[in-house]
Each structure stands twice: as structure tokens, then as C-alpha cells.
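> For the sequence shown, numbering that gives the first Met the number 0 begins at 0 and goes up steadily by one.
Every residue, glycine too, gets a C-beta built ideally from N, C-alpha and C.
All of these numbers come straight from a predicted model, not from anything done at the bench.
Below you will find the structure I want to go over with you.
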Amino acid sequence: MLEKCRESPDGDVYRLVGSVTHESATLLRGELEELAITPIQRLVLDLSLLDFIDTGGLGVLVGVRRKFQDVGKEFVIVNPSEKVLIVLRMTRLAALFGVDPA
């Protein structure tokens, strides 16, 4: 589900692949929160290969964003797939994450 793509001075890039549901959200939350306590200052999460996300997955994204902010780091999502962008827009989270080009 979570794959490391590359390390960069601008932030480490990870990719979510497949789907994030209530069943997988706990595992994902743990993996992402562990990254918040590493030396990286910025985490970029690429959602281009994410096919589906439910409310559990959305909750993880919001919670992890807050966790990163609490420790003075940046959590960014980029390239949401069309299906995921629709969900982000419907829940008004596209603006929160700055991924809505409209």
C-alpha cells in the first residue's frame, strides 16, 4: 500500500497504491506517524495510483497532517487520481490539502 519512491532535499516522496479502507487505515496511520518522528522535514504523498479511499482513509490523511504540523513538519499530498480527487472535493478536503486546481 505505501511505497517509498525517492528521497529529496525537498522532502521524501511516498506513494499510496491500491485502496485505503477502514480495514487498512490503522496500518497506514502507524506507518505514516512513524515517519513524523524521523529526521525528514517534509513528506510528499503521491496519490496517483490510489484507486479508492473511504472515510477511514480520509481520517488518516487529516490526522497525519495534523501530527506532522504538531512537530513542525510538512505533510503534502500530490497527484490524486481522478476518483480520489472527486472524494476529496466532495468532503471539502481538496482545499485543505491544496490539491484542487479549480
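Thinking just about the alpha-carbon of each residue, which of V70, V75, F51 is nearest to the one in I85?
Position 86 of the sequence shown holds residue 85. Per the Cα distances, F51.
> Which of the three DSSP states, helix, strand or coil, is assigned to D69?
Here residue 69 refers to the residue found at position 70 when the sequence shown is read from its first residue. D69: helix per DSSP, three-state reduction.
> Take K72 and list the residues in its own chain whose beta-carbon comes closer than 8 Å to its own, dropping the five residues that flank it on each side.
To locate residue 72, count along the sequence shown from 1; it is residue 73. Correct list, in chain order: A35, I39, Q40, R41, L42.
> Just the C-alpha distance for S23 and T54, rounded to the nearest angstrom, thanks.
Here residue 23 is taken as the residue at index 24 of the sequence shown, counted from 1. Here residue 54 is taken as the residue at index 55 of the sequence shown, counted from 1. If I take the Cα positions, the gap works out to 12 Å.
> What does DSSP give as the partner residues of G56 in its beta bridges?
For the purposes of this step, residue 56 is identified with residue 57 of the sequence shown, where counting begins at 1. G56 pairs with nothing; no bridge assigned.
> Any idea which residues DSSP pairs E2 with across the strands?
Taking the sequence shown and counting its residues from 1, one reaches residue 2 at position 3. Note: E2 sits in a beta bridge opposite R14.
> Could you pull out every residue in the same chain whose Cβ sits closer than 6 Å to the Cβ of R64, ignoring the five residues on either side in sequence?
As a first step, residue 64 must be located in the sequence shown, where it is residue number 65. Here the set comprises F74.
> So, helix, strand or coil for R88, using DSSP?
Your numbering for residue 88 matches position 89 in the sequence shown. Residue state, collapsed to three classes: helix.
> Which same chain residues, not among the five before or five after L44, have their C-beta less than 6 Å away from its C-beta?
Here residue 44 corresponds to residue number 45 of the sequence shown, with the count starting at 1. If we look at L44 and ignore the five residues flanking it on each side, its Cβ neighbours are Y13, I76.
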